[in-house]
Each structure stands twice: as structure tokens, then as C-alpha cells.
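Engineer:
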Amino acid sequence: MSRRIETVIFDFEGTLVDFQWRLAEAEAELRQAFAAQGFGTAGNYAELWNAAAEVAVPQGRLAALRAALGPIYDRWDADALARWSPRPGAAELLQRLGRAGIRTAMVSNIGRLALGNALGRFGLDRWLAPVVSRDDVTYMKPRAEGTLRVLAELKTLPEEALFVGDSRADVLAARAAGLRVAIIRGGECDESAFAELPPDHFVSRLDEIAALVG
Numbered sequence: 007m008s009r010r011i012e013t014v015i016f017d018f019e020g021t022l023v024d025f026q027w028r029l030a031e032a033e034a035e036l037r038q039a040f041a042a043q044g045f046g047t048a049g050n051y052a053e054l055w056n057a058a059a060e061v062a063v064p065q066g067r068l069a070a071l072r073a074a075l076g077p078i079y080d081r082w083d084a085d086a087l088a089r090w091s092p093r094p095g096a097a098e099l100l101q102r103l104g105r106a107g108i109r110t111a112m113v114s115n116i117g118r119l120a121l122g123n124a125l126g127r128f129g130l131d132r133w134l135a136p137v138v139s140r141d142d143v144t145y146m147k148p149r150a151e152g153t154l155r156v157l158a159e160l161k162t163l164p165e166e167a168l169f170v171g172d173s174r175a176d177v178l179a180a181r182a183a184g185l186r187v188a189i190i191r192g193g194e195c196d197e198s199a200f201a202e203l204p205p206d207h208f209v210s211r212l213d214e215i216a217a218l219v220g
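In this note's numbering, the protein residues as written are 7 to 220.
Right under this line is the structure:
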């Protein structure tokens, strides 16, 4: 029998708000920037970073990597920030879970500045703790670093947590940390992208999450 869900960890963009990152343009610029720094150019925005970090960390170059590439990620965050809108029912779901005694946290590949601005603007910040941005970890999702950090901080067992996201990276990060995962449709990845990596649940609306933890 599955353990009762005590903690729900949310992704941000595509999950609690709509997806607005201009992926094609951003990734084209990032590939050029990573190449200029002597790093590989394969993969998406998160995989580019993670591959570079694997090289930079042993060389003591992580701070230099952040200084060189972080501003590009931040600029595309700011571009998306101008257009983000909360998904219907986002604040209501967080409030409902909180009042039921379920802890809610966040792990996002968005940077700290844009994430903080958006959560405050939409009134979501009061319900989420901890909030782990890409600036708080060495490796972005699909690595499990941020998810494991939340579990450790909240002293939550993996089997007592649910991850809610919208992308393959969310499924991979959740699975690597031992969590069940729910994917909300209409985010970064089409449903067909999960054919070989199915989540435990698909939902179409955020209010469906409450039934999964009840």
C-alpha cells in the first residue's frame, strides 16, 4: 500500500504558471555561449548546463561558469516573466493543501530573481517552502539534486512525497529521487513525450492534484 502523501513538490513554469520560455531562441544563444567557453553544445538548456557543470566542478570553475552563462539564463527568465500567468486554481490548490497539513515546496530550473518576483506577484510565495531555484543547485533537473535537497530539509521520505510537473525532466528528477510524479498537460512537453517515460498520473487541471493526495 502506498504511503500517505505528506509533501507535494511543485515545478514552476508550465506547472503553476503557463510555459513562456522561448526555447528555440534561448537554446540557440546558449549553445553559442557554451561553445565560446569551450563546453559542449548537445542537449537542451538544462542538459547544456549540467554537462558543463560536470566539467567545471572538478576544475573549480563553477563560479566562473555561473558568471559567464547565468546572465543569459536570467535574461530569458526575465523575458518569460513579462508574460507568465498563473494556471487556474494555482493559489487555491496551495492554500487547500496547506490547510490540510500537507507541506508544499518547489524545485525549478528558473533562476532565483525571476522566480521570486513571479511567486510574489501571484501570491504563491507564502505557501511554498523551501523554494529551490537553479541558482541553489549545481545541477538542474533532470538531475535529482534539488528534489533531494527538499526531502532532506523537510525530513520527508521519498514515498511520502509527490512531484508535480510538466516535463520529462520533472519525471526523471522525481524518479531519481524515488518520488511518485504527476504531470499536468499543456506545459513544456506534449503528452506524447512521455510514452517511454510515463508518470504515475496525468492531470488536466491543478485542482485534480488534491484528489491524488487526499
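Glycine residues also receive a C-beta, built at the ideal position from the N, C-alpha and C atoms. Owing to the predicted nature of the structure, the values given are computational and were not obtained by experimental measurement.
1. Buried or exposed for GLU202, please, with buried defined as at least 16 other CB atoms from any protein chain shown within 10 angstroms of its CB.
2. Starting from ARG155, follow the alpha helix (DSSP H) in both directions and report where the run begins and ends.
3. What residues in its chain sit with their C-beta under 7 Å from that of PRO205, if we drop five residues either side in the sequence?
4. Within its chain, find whatever has a CB closer than 6 Å to the CB of ASP24; leave out the 5 residues flanking it on each side and keep chain order.
5. Can you grab the Cα-Cα spacing for the pair ALA41 / ASN115, in whole Å?
6. Classify ARG140 as buried or exposed, calling it buried when 16 or more other Cβ atoms lie within 10 Å of its own Cβ.
7. Can you tell me where the beta strand (DSSP E) holding LEU29 begins and where it ends?
8. Tell me, please, which residues DSSP counts as bridged to ILE189.
9. Exposed or buried, which one is VAL63 when buried takes at least 16 other CB atoms within 10 Å?
10. Measuring only the C-alpha atoms, how far is GLN43 from TYR51?
Structural biologist: Quick look at the numbers:
1. Reading the sequence shown from its first residue, position 196 is the one you call residue 202. The C-beta of GLU202 has fewer than 16 other C-beta atoms within 10 Å across all chains shown, which makes the residue exposed.
2. By one-based count along the sequence shown, residue 155 stands at place 149. Per DSSP, ARG155 belongs to the alpha helix (DSSP H) from 151-160.
3. By 1-based counting over the sequence shown, the position of residue 205 is 199. Same-chain partners within the cutoff: VAL177, VAL187, ALA188 and ILE189.
4. Position 18 of the sequence shown, counted from the first residue, corresponds to residue 24. These residues qualify, in order along the chain: SER91.
5. By 1-based counting over the sequence shown, the position of residue 41 is 35. By 1-based counting over the sequence shown, the position of residue 115 is 109. Approximately 21 Å between the Cα atoms of the pair.
6. As a first step, residue 140 must be located in the sequence shown, where it is residue number 134. So ARG140 counts as buried.
7. Residue numbering aside, residue 29 sits at position 23 when the sequence shown is read from its first letter. Looking at the DSSP string, LEU29 is not in any beta strand (DSSP E); the run it does join, the alpha helix (DSSP H), is 29-42.
8. On the sequence shown, residue 189 is found 183 positions in, with the first residue counted as 1. Answer is GLY171 and PHE208.
9. Sequence index remark: in the sequence shown, residue 63 carries index 57 (1-based). The residue in question, VAL63, is exposed, as its Cβ has fewer than 16 Cβ neighbours within 10 Å.
10. On the sequence shown, residue 43 is found 37 positions in, with the first residue counted as 1. On the sequence shown, residue 51 is found 45 positions in, with the first residue counted as 1. In a straight line, the C-alpha of GLN43 is about 15 Å away from that of TYR51.
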